[in-house]
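In what follows, a structure is listed as structure tokens, so that the remarks can point back to it.
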Amino acid sequence: DDYNISKLCKVMDLKCGPQGLGRACQRLIDYGRCEYMRTQLFSSNVDQNHQSAEVKVKLCHYVDRNVTPQNALLFASYT
1374 DDYNISKLCK
1384 VMDLKCGPQG
1394 LGRACQRLID
1404 YGRCEYMRTQ
1414 LFSSNVDQNH
1424 QSAEVKVKLC
1434 HYVDRNVTPQ
1444 NALLFASYT
């Protein structure tokens, strides 16, 4: 049997439905991207002046999810 998201939600008795499951999966992927940026891309924590710096990674939602569910932006900066 082929499973699609709707069938999977029914079989697993998920109350969130297909859209909710999709959003949860997207947020989990976004979390992984934030952690990758924090631990791999900015792991040295040294700014351009070779001084120790704290890295701040934020996930921002720039439009309402009713406009598009793909509304997340990852932003990283030294503080």
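Numbering-wise, the sequence shown is residues 1374 to 1452 according to our numbering. Even glycine gets a Cβ: it sits at the ideal position worked out from N, Cα and C.
Item: Local conformation of cysteine 1389 per DSSP, three classes; Value: coil
Item: Cysteine 1398 versus alanine 1426: straight-line alpha-carbon distance, rounded; Value: 32 angstroms
Item: Helix, strand or coil at valine 1428 [DSSP, three-state]; Value: strand
Item: As assigned by DSSP and simplified to three states, the class of tyrosine 1451; Value: strand
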